[in-house]
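The structure appears below as structure tokens.
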């Protein structure tokens with residue numbers, strides 16, 4: 001077998017989806033861990049800072065994605081649709097796009113990918129269930145379905161081609177939790193950064209699935225099986241609880257958005 | 001389905017068993033979360049403070065219990081026998097009484113109950129076993145048996161009637177741990193209050209079983225499956241360890257009260 | 001510890017509920033395994049055949065039950081309410097009655113009991129779930145709740161007093177399956193007899209829970225954990241399938257009686 | 001909720017992929033269970049027999065698929081690519097095609113689908129592992145990946161829209177096992193027919209995953225969780241063992257096609 | 001990696017412990033599957049039949065064991081102490097001897113071993129527990145302890161050196177079951193032969209642990225995890241039940257030999 | 001049964017392997033918990049401090065070990081080989097030696113032993129797996145194999161003779177972690193001392209297996225099943241991470257010493 005080195009610092013790191021919410025948060029943070037940070041998105045990325053490379057690409061454009069992966073040591077793949085949308089954009093960006101990315105990684109010899117999966121992969125579990133990354137998936141919409149596809153693709157590329165992935169089922173990563181559901185799902189940008197870097201630098205990850213959440217008191221997810229990553233969240237949603245509860249004092253358990261972990265995703269979407 | 005709202009603050013909260021040890025501890029604490037705190041017991045409850053209603057009732061008295069539930073938003077059910085006793089009082093207060101309470105809750109449309117169950121539901125596990133709320137019950141006496149009945153009743157009223165319950169298998173809630181067994185089972189009144197309120201206000205609980213214990217270093221119980229409640233104990237028995245150990249320096253493992261989690265309950269009781 | 005002998009044949013065997021459907025089926029069958037078969041019920045038992053003793057008793061009558069257990073080597077306890085009924089008869093016959101029986105067994109030194117529990121202890125699992133006797137109970141009514149009480153009582157009397165019990169969660173034991181639900185739940189009288197005798201004579205049973213069902217092609221229950229009993233059902237519901245399906249050609253999954261394992265029990269009963 | 005009736009016999013049944021190997025096997029067999037059997041494929045279907053409707057359609061053609069589902073009571077979905085192939089045909093037929101099928105089912109009110117999934121969904125487990133339908137997927141190629149997508153889609157349409165699916169992870173269904181791997185994976189056409197019909201007519205299936213295999217002595221898959229379907233395979237690969245072993249007397253465990261359950265799929269495919 | 005071929009028929013097969021009870025039973029049977037059957041024991045092996053080689057060796061004699069393995073394709077290792085004995089003979093034959101055998105196998109490139117382990121590796125489980133090969137070991141004496149050592153050695157030589165082993169935890173293999181315990185543990189010589197040959201010829205076994213028992217109605221062991229071996233027992237202890245039960249009509253559960261799966265082993269042995 | 005008292009402080013405590021690395025660390029620490037600390041090793045132990053007894057003994061010398069145990073209340077057994085070595089020293093010190101120790105403990109009525117097992121008992125699990133003490137062992141060499149033997153011996157002496165043991169699968173106990181693997185495996189001497197004392201004084205331990213590791217952020221082991229010991233590690237490897245990572249910036253996942261939990265042990269040793 002060829003060598004499969006995992007460094008702590010990277011020559012060139014690729015961040016896809018760099019113009020999105022999490023992409024903007026990670027852009028300045030990831031720069032510290034690499035010589036060159038290649039940034040990509042379908043949207044405008046502004047101007048390149050020192051050490052940055054901007055390379056616009058639609059994920060469904062195989063040639064563009066192959067060009068994107070050239071010379072890259074590792075990938076943080078945030079790109080694609082990140083909300084519930086109609087089938088076509090999800091198919092193109094999240095299914096065709098994920099395939100393009102892994103094929104390009106394989107051809108260019110990239111060995112490690114952090115894949116932004118989503119808690120919506122298991123959004124149809126109830127809010128009174130505590131689940132683990134080993135439980136069967138229950139996507140809550142087309143978006144969650146496409147993320148489950150991405151995780152399975154990552155498993156295949158590990159079993160078949162030895163490319164390692166950490167699939168991070170991101171909860172809700174914002175400056176602060178916005179509602180009571182996020183008391184369970186919230187993860188700070190600092191915890192996100194630590195999780196991404198642990199995923200990139202842990203010596204062995206195979207294909208690991210982990211929920212991206214803070215050190216929250218309310219928890220639906222048990223990450224025990226991913227403790228080898230060397231990551232523990234440090235920020236908690238608890239300080240935000242009084243304000244969040246005050247703004248949403250009464251919830252109705254019969255509302256599917258309250259009953260299921262996926263929240264409003266379980267009842268929104270392209271289904272008419 | 002009718003709406004099933006869960007508020008953070010209650011119009012009228014019912015506390016049964018309000019004259020007992022835990023009842024006295026919770027009485028002033030629960031007042032902060034409701035407009036009116038209805039208190040009940042078979043024993044004398046003193047005089048009503050502002051915002052309190054006193055309503056004496058024996059739990060085996062169906063009519064009295066039905067009156068008790070009228071106009072109530074949620075219940076903290078500490079009432080009934082809380083020690084190992086002969087069959088008749090346990091039958092009346094804990095079995096007939098629990099049935100009366102749930103039937104009254106159903107008729108009056110009460111949607112959420114915190115049920116004071118007990119670690120004695122699983123008292124015949126050994127002290128070198130770590131168990132979870134999903135493991136089969138092993139009651140250590142008639143008291144534990146009656147609490148297992150109450151939990152199953154709660155499950156039935158959830159599956160059949162949608163009434164949600166958190167069954168709290170209380171360890172030992174006292175101002176301080178009194179002996180070495182309580183190093184594992186102890187829970188402070190502050191942690192009890194936080195657990196009761198989390199159980200009343202968590203958006204979705206279905207029927208959740210949780211062990212009521214502190215953040216103790218010695219632990220027999222794994223509450224992972226109940227982390228959705230949004231409760232983490234904050235007080236530990238550890239600071240009390242030196243004093244407790246000094247007073248009970250030698251234990252004999254062949255004593256059933258040492259060997260089993262139920263402690264002395266496993267060998268006391270009405271069996272002659 | 002005193003000797004705890006388990007014979008293959010019994011001096012005196014007690015059959016409670018002997019006037020009921022299963023009691024009538026077992027009455028002539030059990031006679032072959034004992035010198036004396038004591039029969040009891042609240043209903044009329046006819047006249048005693050050779051080797052039979054008739055002893056009428058209400059299970060809630062402690063004194064009568066104690067008299068019933070005198071001189072008995074082992075018990076097949078079918079007695080009590082076996083359908084969904086109001087609380088009072090279930091409380092008296094199945095809860096108070098079960099307690100009386102076990103207390104009497106303890107005082108008279110009886111060492112082995114076969115307890116007729118019911119599949120309604122877990123009737124609120126869905127018909128597309130396969131469960132085991134170790135899964136948490138989900139009773140579908142007061143009847144199932146009382147049977148769960150009986151099982152927990154049996155566990156207590158084993159852990160505390162060494163009395164062994166096999167709790168048989170009987171499905172549907174009739175001459176033939178009557179409807180499509182019984183394709184899963186049906187057990188022939190021959191299989192019932194074999195299960196009862198295996199339960200009485202297996203050298204070690206502790207407290208074993210087993211589902212009483214035939215060798216049916218449709219199955220909701222996995223009895224792997226009870227294979228030490230030395231029982232395998234031999235009769236199948238499959239030959240009855242064509243007739244049963246013809247008579248009930250269309251089922252509606254949205255009917256709770258179709259959706260849940262408990263069948264019609266999940267929507268009948270004393271709740272108005 | 002609207003009624004959700006499951007009949008034993010169907011007005012109009014749709015069989016997709018009817019021109020393929022399994023489609024040809026099932027075509028005459030399914031006719032017995034419906035008034036009209038609608039057959040579809042991209043390939044030629046010959047002429048319609050009595051009670052047959054032929055409707056050619058490419059699965060990636062949404063309009064054609066919607067037309068296909070009109071007036072249909074239930075679907076046996078064998079259509080799509082069934083071998084390891086390049087990404088484009090798999091994407092079109094198995095991913096876009098599966099989406100089109102479920103969307104059409106939803107719009108036309110179809111309530112039950114049998115989905116021909118594949119053992120290649122878990123082909124990267126070793127041949128010395130016995131797995132169950134609840135274990136995490138490990139697809140062995142793009143084909144297995146696309147079938148995992150189909151299963152997750154089925155789960156979503158059940159959780160969200162109440163459409164029930166049995167996903168049958170077909171092993172190897174041929175007149176006879178062709179090689180030693182098929183001693184584990186073989187399923188006769190008779191067993192396939194019985195499994196399809198059990199899946200169509202079982203009263204409640206939700207989304208059930210089951211491995212389609214015979215009553216083989218060599219087994220990698222434990223179907224315990226699907227025993228509610230009312231299906232037991234009756235044919236075994238064992239009588240074919242002598243001939244099969246004689247033709248393939250020596251296997252090399254270091255060959256991935258021998259080591260992994262997926263057999264040759266784990267090393268063939270579009271990856272160059 | 002070097003090729004790792006598994007044939008169906010062997011050039012030279014080694015049978016150790018060939019003079020013991022099971023050795024004598026297998027000696028004529030194994031001859032059919034190899035050109036040369038090398039037989040070894042510390043005891044006299046009589047004269048060599050056609051195709052047999054006799055090679056006397058004490059397992060603790062490393063040089064003799066290395067000579068034994070020369071030119072061998074696979075091993076059926078029955079050799080060593082097979083009853084509870086003092087430490088020295090068990091240490092020499094079963095611990096040192098097993099190490100010698102595996103080291104010799106490694107040096108001579110032998111790729112597959114069937115190791116006669118024992119149910120006494122788990123003899124301290126109770127007779128009312130059904131266990132699997134994945135459960136923690138609980139040896140019932142020095143003999144069982146030495147067999148657990150052999151299994152762990154086999155695991156090591158697989159993980160480290162790729163030598164595959166099937167560890168068969170033999171129950172009781174005799175012409176007929178001799179007592180009631182053997183109703184659970186008995187395995188016929190025919191089933192033993194089939195199990196040994198399945199273990200030698202299954203394409204992939206890694207290190208598989210399987211209980212060697214018949215198709216008995218009374219069962220303590222669940223072999224689901226070993227079904228990939230392609231072995232199902234065909235003979236049952238059940239026809240022997242009447243005679244066996246008649247000869248041992250009453251058992252005392254308080255006797256450790258009745259209570260535990262290991263039977264008399266749990267109370268015999270060198271401990272004074 | 002004889003009394004089985006567990007004190008908090010000991011008359012005479014035996015520490016074997018007292019001249020080794022951990023022995024030297026524990027020697028001054030254990031003195032505080034006993035009147036007399038008996039120290040033993042094959043190597044020189046220097047001169048006895050106040051309250052110390054020095055008793056040189058080779059563990060394979062049964063008579064010497066029996067003398068060692070005389071008058072001892074409890075044992076901390078660090079003695080034996082603690083690195084990968086050839087078979088003979090491991091056989092003598094770790095297998096024969098462990099047997100001698102337990103036999104001597106049995107004869108002298110010693111009731112509690114802390115056994116220094118090793119993470120190398122499970123060294124062939126991958127570094128991306130999180131395992132528990134209940135998972136099957138996978139030793140990474142002869143050393144790990146001998147420690148698995150010791151654990152099974154401890155289980156036997158508990159089940160058969162009631163001697164309690166805590167088997168501590170020590171990770172890496174040094175003043176500081178020396179390399180990146182030790183970020184997961186490191187345990188401070190303070191945490192080791194606390195773990196040893198918790199193991200000696202917990203009221204009931206039976207045979208408990210626990211991993212000896214710090215409160216590290218990177219973790220491969222889940223000690224939930226041992227929380228009854230009353231031990232939580234307090235020191236973390238995390239402060240050492242920057243220095244350790246700087247010194248070992250790139251790891252190659254294809255190196256078995258990186259891939260498996262056992263680290264370099266999986267490829268060193270006496271196998272040529």
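Protein chains in written order, with the UniProt record's numbering: chain A, 1 to 272; chain B, 1 to 272; chain C, 1 to 272; chain D, 1 to 272; chain E, 1 to 272; chain F, 1 to 272.
Just so it is clear, CB atoms sit at the ideal spot from N, CA and C, and this is done for glycine as well.
query	result
Contact set between the region 242-271 of chain D and chain E, restricted to residues whose Cβ is under 7 Å from the partner	245, 249, 250, 251, 252, 253, 254, 258, 259
Whether residue 265(E) touches residue 84(E) by CB criterion (7 Å)	yes
Interface flag, residue 7(E) vs chain D, CB-CB below 7 Å	yes
When 99(C), 118(C), 62(C), 133(C) are compared against residue 224(C), the one with the closest alpha-carbon	133(C)
Residues from the region 51-82 of chain B in contact with chain C, defined by Cβ distance under 7 Å	none
Contacts around residue 166(E), its chain only, beta-carbon distance under 6 Å, and the 5 residues preceding and following it disregarded	114, 199, 205, 208
Nearest-angstrom Cβ-Cβ length linking residue 73(E) and residue 30(E), presumed shorter than 8 Å	That belief does not hold up - the Cβ atoms of residue 73(E) and residue 30(E) are roughly 12 Å apart, past 8 Å.
For residue 161(E), three-class secondary structure by DSSP	helix
Cβ-based neighbour list, residue 129(D), same chain, cut-off 8 Å, excluding 5 preceding and 5 following	220, 261
Distance between residue 241(A) and residue 8(B) (C-alpha atoms, nearest Å)	12 Å
Within chain B, the residues that residue 127(A) reaches when beta carbons sit closer than 7 Å	203, 204, 228
Min CB distance residue 112(A) to chain D below 7 Å	no
Residues that DSSP places opposite residue 211(F) in a beta bridge	169(F)
CA-to-CA distance, residue 268(A) to residue 148(B), given in whole angstroms	41 Å
Residue 117(F) versus 246(F), 79(F), 32(F), residue with shortest Cα-Cα distance	79(F)
In DSSP terms, what residue 278(C) is bridged to	The displayed coordinates of chain C run from 1 to 272. Any statement about residue 278(C) would go beyond what the structure contains.
Where residue 27(E) sits in the DSSP three-state scheme	helix
Under the three-state DSSP convention, the category residue 266(B) falls into	helix
7 Å Cβ cut-off: residues of chain C touching residue 138(B)	155, 159
Contact belief for residue 100(C) with residue 65(C) at Cβ below 8 Å, rounded distance in angstroms	4 Å
Own chain residues within Cβ distance below 7 Å of residue 193(B), not counting five before or after	26, 29
CB contact flag (residue 164(E), residue 112(E), <7 Å)	yes
Alpha-carbon spacing of residue 124(A) relative to residue 139(A), whole angstroms	6 Å
Three-state class that DSSP yields for residue 75(F) in the structure shown	strand
Residues that residue 252(B) bridges to, as DSSP identifies them	5(F)
Any chain A beta carbon closer than 7 Å to residue 217(B)	no
For residue 34(D) and residue 11(D), the rounded distance between their alpha carbons	5 Å
Proximal residues, the region 159-188 of chain B versus chain C, C-beta separation under 9 Å	159, 160, 161
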